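One structure below.
Residue numbers (UniProt numbering): 1 to 445.
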């Protein structure tokens, strides 16, 4: 046991003291925050600043209602001929021409959107929706519905989604928040297992090719060396993950304190505490603010147990890492260079890639279905599938069963890998195959 602890200490300290580890640990939260901040900023700015000027040539005698302009789309009806305007589009000052021929209102055909540049999918969809709304309104008016009644037909529905927990208590819930958190957790789990599992394999290959392993193996057993390396690198990953959580929370808190005025916070708090004393109109405005997008996000996050999510994530990270890193260690012991690992890595990576793909698609859409259940039970797929399911709410018995199966799974995998590792670590100059590795497994001694 002391020898394993010494190997763990060596693996941990040799990696944590590296400048690359220190720099990336502190820079990664800033890089990620900046990356997503830029995406959000330019997405919002692009939508807000983008404005297309569209000339409308309407030859339809039935569809006389005009398309309504907004901040992103400006419709200007022209009496000019379609062919003439099309030839002079570059000099006309318009971005696009929308041509509405005299089509049958029941089967609209022949509508064209022409521009000097390719119309994007979003623009195409917006114009199609606007024309569909005109046709629908025309048909409704034709059936005898007045404009006032037509306006009353349009309603905005907001559903207050709640979930009953194990104790029978209602709590706020949101499929959107659960999907986003499940997606992030699944991506992080996949990245961590791949990143640190490959580090184990590379470490084994480096020691083997430099012949250091021959010196080390004279003092410790192969199993002790493998376990010390696996656990040491796991502690490196756990340290980095916890530091990222602390740094992310610290950066978020600092950003809020810098960019949100304290007076605004006080005024919002005062408004909330005095809501009963204000007029009905003001109460309606405050209610609308609280039920807006930010209010929905706040309610959604309140229903999530982040302490449980982080704790379970750490368990499945360690369990999934131990499960796969043992296999990576066995691969590293069987080859003499990293270029020879490709044929062995694919069978190991396939279950991980499969669980990643299915978890972010099928499990996110149906977290309580039979496929989601079995993916979260099988040790090859449970580390990703379970953390994706967790924000939606997983029954306690399923969570305990999955954890138990994963523990049994990585114990069995470590035992299996160690039998290959003990032989492969001392094999040189011979290209290994799956058949050869099976022989190594059955060697006695």
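All residues carry an ideal CB built from backbone N, CA and C; glycine is no exception.
On a predicted model such as this, the values are computed, not experimentally measured, just so you know.
Check                                                                                                                             : Outcome
Inter-stretch contact (C-beta, 8 Å, three-pair minimum) for the stretch 22-31 and the stretch 242-254                             : yes
Under 9 Å between C-beta atoms of residue 373 and residue 355                                                                     : no
Beta-carbon spacing of residue 344, residue 434 below 9 Å                                                                         : yes
Within the stretch 44-109, ranges of the alpha helix (DSSP H) (whole runs, at least 4 residues)                                   : 82-87 and 89-92
Delimiting residues of the alpha helix (DSSP H) encompassing residue 9                                                            : 2-16
For residue 114, the residue or residues it bridges with in DSSP                                                                  : 97
Residue 293 versus residue 383: straight-line alpha-carbon distance, rounded                                                      : Because residue 293 carries a pLDDT of 43, less than 50, the predicted location of this residue cannot be relied on, and the following value inherits that uncertainty. When rounded, the distance between both Cα atoms is 32 Å.
Inter-stretch contact at 8 Å, needing at least 3 Cβ pairs: the stretch 195-206 / the stretch 410-420                              : no
Unbroken alpha helix (DSSP H) run spanning residue 210, endpoints                                                                 : No alpha helix (DSSP H) holds residue 210; DSSP gives it neither H nor E.
Helix, strand or coil at residue 336 [DSSP, three-state]                                                                          : coil
Assumed close pair residue 68, residue 100 - CB separation to whole angstroms, cut-off 8 Å                                        : Between residue 100 and residue 68 the Cβ distance is about 15 Å, and since that is not below 8 Å, they are no contact.
Element boundaries [alpha helix (DSSP H), containing residue 432]                                                                 : Counting along the chain, residue 432 falls outside any alpha helix (DSSP H), and DSSP gives it neither H nor E.
Element boundaries [alpha helix (DSSP H), containing residue 383]                                                                 : 382-389
Separation of residue 88 from residue 362, as counted between CA atoms                                                            : 50 Å
Residue interval of the alpha helix (DSSP H) (run including residue 353)                                                          : 342-358
Burial state of residue 370 (16 or more Cβ within 10 Å)                                                                           : exposed
Which of helix, strand or coil DSSP assigns to residue 377                                                                        : coil
C-alpha distance - residue 13 paired with residue 331, whole-angstrom precision                                                   : 24 Å
Residue 305 (DSSP reduced to helix, strand or coil)                                                                               : coil
Beta-carbon contacts of residue 396 that lie in its chain and below 6 Å, excluding the five residues immediately before and after : none
Minimum C-alpha distance to residue 253 - residue among 148, 316, 85 and 33                                                       : 33
Inter-residue Cα distance where the pair is residue 206 and residue 441                                                           : 23 Å
Alpha-carbon to alpha-carbon, residue 329 and residue 20                                                                          : 23 Å
First through last residue of the alpha helix (DSSP H) which encompasses residue 399                                              : 396-424
Alpha carbon of residue 191 to alpha carbon of residue 185, nearest angstrom                                                      : 10 Å
Straight-line Cα distance separating residue 307 from residue 268                                                                 : Its pLDDT being 44, under 50, residue 268 is placed unreliably by the model, and nothing is read from it.
Integer Cβ distance of residue 4 from residue 228, believed to fall under 8 Å                                                     : 5 Å
Length of the line joining the Cα atoms of residue 102 and residue 141                                                            : 19 Å
Beta-carbon gap between residue 75 and residue 59 smaller than 9 Å                                                                : no
Cβ distance (whole Å) where residue 94 is taken to contact residue 66 below 8 Å                                                   : Going by Cβ atoms, the distance from residue 94 to residue 66 rounds to 16 Å, so no, they are not a contact pair.
Euclidean distance between Cα positions of residue 439 and residue 394                                                            : 42 Å
Through-space distance from residue 70 to residue 404, alpha-carbon basis                                                         : 57 Å
Close-in-space but distant-in-sequence residues of the same chain around residue 419 (CB under 6 Å, 5 per side omitted)           : 441
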